[in-house]
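S.K.:
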Amino acid sequence: MREFAALYRALDSTTSTLAKRAALAAYFRQAPAADAAWAVYFLCGGRPRQAVPVKLLRAIATERAQVPDWLFEESYQAVGDLAETIALLLPATDGTGTPVPLHEWVEQRLLRLRGTAPEVVAPLLVGWWDELDAHERFVWNKLITGGFRVGVSRQLVVQGLAEATGLPTQVLAERLTGEWKPDAAAWQRLVDAAEGAVPPGRPYPFFLAHPLPGPVEALGERNHWAAEWKWDGIRAQVVRRNGETFLWTRGEELVTPRFPEVAAAVAGLPEGCVIDGELVAWRDGRVAPFALLQQRIGRTKLSAAVLARAPVACIAYDLLEHGGTDLRQLPFGERRALLERVVGALGHPAVSVSPLVDADGWPALGALRLEARSRGVEGLMLKRIDSAYGIGRTRASAQGEWWKWKVDPLSVDAVLVYAQRGHGRRASLYTDYTFALWHEGALVPFAKAYSGLTDAEIAKVDAYIRQHTVEKFGPVRSVTPKLVCEIGFEGIAASPRHKSGIAVRFPRILRLRDDKRIEDADTLDQLRALAAAPS
Amino acid sequence: MAVLELRPAGLYCPAGDFYIDPWRPVDRAVLTHAHADHARRGHARYLAQRDALGVLRTRLGPVSIDAVGYGEATTIGSARVSLHPAGHVLGSSQVRVEVGGETWVVTGDYKLDPDPTCVPFEPVRAHVLITESTFGLPIYRWATPGRLFAQIDDWWRGNAAAGRPSVVYAYAFGKAQRILAGVDASIGPIVCHGAVELLNHRYRESGVALPPTLTVSGPAHAADRAALAGALVVAPPSAQSTPWLRRFPDLSDAFASGWMQLRGARRRRSVDRGFVMSDHADWPGLLRAIAASGAPRVYATHGYAASLARYLCGQGLDARTFDTREFDAQYSGEQDEPPLAGEGDAPGTAPSAVSDGTGDGTVDVTDA
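Just so you know, the sequences run in chain order E and P.
Each residue of the first sequence is one higher than the one before, counting from 1 in the working numbering.
Each residue of the second sequence is one higher than the one before, counting from 1001 in the working numbering.
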């Protein structure tokens, strides 16, 4: 745990990618296999389920810190992070106990906490805290709360592994894809110089697109590029091997049982076949709004009613493996031709190939892109006809390979009415805002937005909020309406749960409108009209 | 009648017709210390501790200042006034005011940790204590100075070994000198920003021992660069990302402040290291100082005043907050929470007319 906590500190206290890579490599060089396996698990975003209920954890920490409940809460509000609050409040120790290795902390301790009786948990936690110094406690608490996150991408972890082991990043990335069982054997297989047997269900690393950075004409000739709609669903890979079906999301979560209709539909694919595509809500032979798909996300028990209300289909983008052969280095055009044959032969309504958007020349394509919203898509995908299927979000080269060309967001000018303090980097700062629009002479809250302002703007808004607080409701402050922001969002849906009767998708702050008075802000009716109007 | 009361211009003593650290121009001001948010320009007559005189002269210009030593009682009207060490910065004081047998003590900013650059805090018995509460939450607990300076020395030594300058941002008045006096000066040369060096002079004039410091100006030469590669550079926060720093290529930087206790604050600062170093009392320090005053009635002001007051009430004291915002609409500073960025500490250059309390991150304000 000591080394792992030190790694966390090293990663957390620098913004330099080089320094992070070096810290990762240094850790992996010295870590015992069983520890390294867990480190990989956590660094790649793996999270065991919350080991101790938050309420119990707080109660034990409050008692140990000998502070009143309200003072714990005040402290938490200032810190903005439960794990850190607890680490700061616990009585100081030197953390001089005999160091226990990470895998023991996890396997013998963390994983055994779940479901343990509170009166047993309390003395265990207190004893373990006493073994750690303040920083180690913080990391340990993060593991307990299931909130462990540190600013490294999977790609960076792979690079650190490559530096430590001398293996090519590509090999490591592929070996890491799929389900990672954090034990010494898995680590040995990961860093084994010789290629071992591939687990049958393993997907390929997803290839991701960059946002188009400049004018589309800079991509060169239109006929070197394939254009598809950018569907609004869940990116997924269908793996069909050994007579079994595996459905993986981009987060590398195995979700086969959650989408039984898709799993059944692809069962007829030939052996040794991997398709990259999008899971979308599907009704009457066409894509339905994402809101419908949301009813399926996170649901493990699927009633017949849910399945009937929100059916799901797969729109296929690409063919990564066929007849057991890895096709990723073939040109996109060839892979796609083969994909059309495979999906055509399957002949199932729940699986279709993402159609190419026909438009001669960039201006015509640009005109079609403007129809995206009314078509229920996010914009266009542009893929070079001769592009290979890469790994992850590889650095965009001048020509690039795959681009996403989204439509501009919808936007309204809205008034800031409530604010709440943020978390993490924004702890103690008022960064989480609720915005309102006019309706019948009153400001009606319609959306919360957190992102989009620069640090300097946040500082300004934070100062305004502190000086113009009208009332405090726990952590929330209402403020004198004065600040107007342009709020961007992707779509609008009716929602009985919202006061405004409307829910907007992906709201974010596009900019501060210092030039506008609150009287200039938009109305709910204008927002509704946006939903109706073709964009 | 209360010994002290809050008026639009600040904390007022009716019996002596004077104010303590007033924020609007008054006839007579008693100052706790020379930080710009406490020592404002424009008063007709000042009273301050003798060691603060040098800095006050630099900041206030040729005004009328009565200088007194610690513990020296003066009579103003029917009030007996004396200043007592607060351990915050050079010349920082608690103000003891006694009227008709009732004693009120205003702590000003203070800390209990040992600091070789100023006289240590001395508890003063009081009937009513007005205490600062900048760090009035139990999450704020400082490491001992020994441990803190070991961290700074380790960081400096590591950088020096790698041929890299170590730039630490610290408030020019107080914090910077505490760093100078606390680090292991044998590690390498120490360079101070001009704003810091100006205050170093005042400290040295008052007999505070500081290690030798260099200043740099003019274009940087290759030879200087080599010499400065292993240096510790002490600069005010406002120097961050200014051209002045270009002469220290490949630097590692750090920020020294009590707010660095929180990970979020460290990350916002975007420096390599955050040293948790404050010239204010931490939570245990506040509780110790309050207990030592023996005061049954306590007012908390600045920072987390409400939390501290509520806690003290739970301990059986008559405690309240002192919300200065209600009394001065112009007083634009946020009182109850940490500053965002606490920029700027160049003495004499800050627009003192807008200096505000605890810092909205724009002006020369408190050093936390």
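Cβ coordinates follow ideal geometry from the N, Cα and C atoms, glycine included.
Computed from a predicted model, the values in this text were never measured in an experiment.
(1) Using three-state DSSP, classify residue 1155 of chain P as helix, strand or coil.
(2) Is the beta carbon of residue 1282 of chain P less than 8 Å from the beta carbon of residue 1135 of chain P?
(3) Looking only at its own chain, which residues have a Cβ that is under 7 Å from the Cβ of residue 283 of chain E, when we skip the five neighbours before and after it?
(4) How about residue 1263 of chain P: is its C-beta nearer than 8 Å to some C-beta of chain E?
(5) Identify the contact partners of residue 1272 of chain P in chain A, using a Cβ-Cβ distance below 7 Å as the criterion.
(6) Run through chain E and tell me which residues come within less than 7 Å of residue 1317 of chain P, C-beta to C-beta.
(7) Who are the Cβ neighbours of residue 164 of chain E in its own chain at under 6 Å, not counting the five residues just before and after it?
(8) Go ahead and pull the three-state DSSP assignment for residue 209 of chain E.
(9) Any beta-carbon of chain E closer than 8 Å to the one on residue 1011 of chain P?
(10) In the DSSP assignment, find the unbroken alpha helix (DSSP H) run with residue 75 of chain E in it and report its ends.
(11) Check each candidate in P:1138, P:1140, P:1099 and name the one with the smallest Cα separation from residue 1127 of chain P.
(12) Whose C-beta lies closer than 7 Å to the C-beta of residue 368 of chain E among residues of the same chain, with five residues either side of it excluded?
(13) Could you tell me whether the stretch 449 to 458 of chain E touches the stretch 427 to 434 of chain E, using the rule of 3 or more Cβ pairs below 8 Å?
(14) How would you list, in chain order, the residues of chain P whose beta-carbon sits under 7 Å from the beta-carbon of residue 80 of chain E?
(15) If you follow the alpha helix (DSSP H) that residue 1311 of chain P is in, where does it begin and where does it stop?
(16) By the DSSP assignment, the beta strand (DSSP E) with residue 384 of chain E in it spans what residues?
(17) List the whole-angstrom C-beta distance separating residue 1047 of chain P from residue 427 of chain E, where the pair is believed to meet the contact cut-off of C-beta under 8 Å.
(18) Use the C-beta contact count for residue 18 of chain E: other C-beta atoms within 10 angstroms, 16 or more gives buried, fewer gives exposed.
(19) Which of the residues in the stretch 55 to 87 of chain E, read from start to end, lie with their CB under 8 Å from any CB of chain P?
(20) At a Cβ cut of 9 Å, what residues of the stretch 428 to 447 of chain E count as close to chain P, listed as they run along the chain?
(21) Identify the contact partners of residue 89 of chain E in chain P, using a Cβ-Cβ distance below 8 Å as the criterion.
(22) List the endpoints of the continuous beta strand (DSSP E) containing residue 1030 of chain P.
(23) Would you verify that the beta carbon of residue 1311 of chain P is, or is not, closer than 8 Å to some beta carbon of chain E?
(24) How long is the line joining the alpha carbons of residue 472 of chain E and residue 266 of chain E, rounded to whole angstroms?
(25) Our contact map puts residue 391 of chain E next to residue 173 of chain E with C-beta atoms below 8 Å; I'd like the distance itself, whole angstroms only.
(26) Can you give me, in chain order, the residues of the stretch 1083 to 1109 of chain P that have a beta carbon less than 9 Å from any beta carbon in chain E?
(27) Going along the chain, which residues of its own chain have a beta-carbon closer than 6 Å to the beta-carbon of residue 1255 of chain P, five neighbours each way excluded?
(28) How many Å lie between residue 378 of chain E and residue 250 of chain E at the Cα?
(29) For the putative contact between residue 1084 of chain P and residue 1093 of chain P, defined by C-beta atoms under 8 Å, what is the C-beta separation to the nearest angstrom?
(30) At which residue ranges does the stretch 1224 to 1262 of chain P contain complete beta strand (DSSP E) runs of 3 or more residues, listed in the order of the chain?
(31) Quickly, what does DSSP pair residue 562 of chain E with across the bridge? List them, please.
(32) In terms of residue numbering, what span does the alpha helix (DSSP H) encompassing residue 436 of chain E cover?
(33) Under three-state DSSP, which class holds residue 1051 of chain P?
(34) Is the shortest distance between the beta-carbon of residue 1307 of chain P and the beta-carbons of chain E less than 8 Å?
(35) Quick check: what's the CA-CA separation for residue 11 of chain E versus residue 1041 of chain P?
(36) Check whether the Cβ atoms of residue 314 of chain E and residue 287 of chain E sit closer than 8 Å, and answer yes or no.
M.R.: Taking the coordinates as given:
(1) helix
(2) yes
(3) 311
(4) yes
(5) This model lacks chain A altogether, as its protein chains are E and P.
(6) Going along chain E, no residue has its Cβ under 7 Å from residue 1317 of chain P, so there is no contact; the nearest lies around 15 Å.
(7) 25, 28, 29
(8) coil
(9) no
(10) 69 to 79
(11) P:1099
(12) 357, 359
(13) yes
(14) 1264
(15) 1305 to 1314
(16) 379 to 384
(17) Actually they are not in contact, since the Cβ atoms of residue 1047 of chain P and residue 427 of chain E sit about 41 Å apart, beyond 8 Å.
(18) exposed
(19) 65, 67, 68, 70, 71, 74, 75, 78, 79, 80, 81, 84, 85
(20) 428, 429
(21) 1138, 1139
(22) 1028 to 1030
(23) yes
(24) 54 Å
(25) 5 Å
(26) none
(27) 1169, 1269, 1271, 1274
(28) 18 Å
(29) 6 Å
(30) 1232 to 1235, 1252 to 1256
(31) Past the boundaries of the shown model lies residue 562 of chain E; chain E is included only from 1 to 535, so the question cannot be answered.
(32) Element bounds for residue 436 of chain E: not the alpha helix (DSSP H) but the beta strand (DSSP E), 430 to 439.
(33) helix
(34) yes
(35) 46 Å
(36) no
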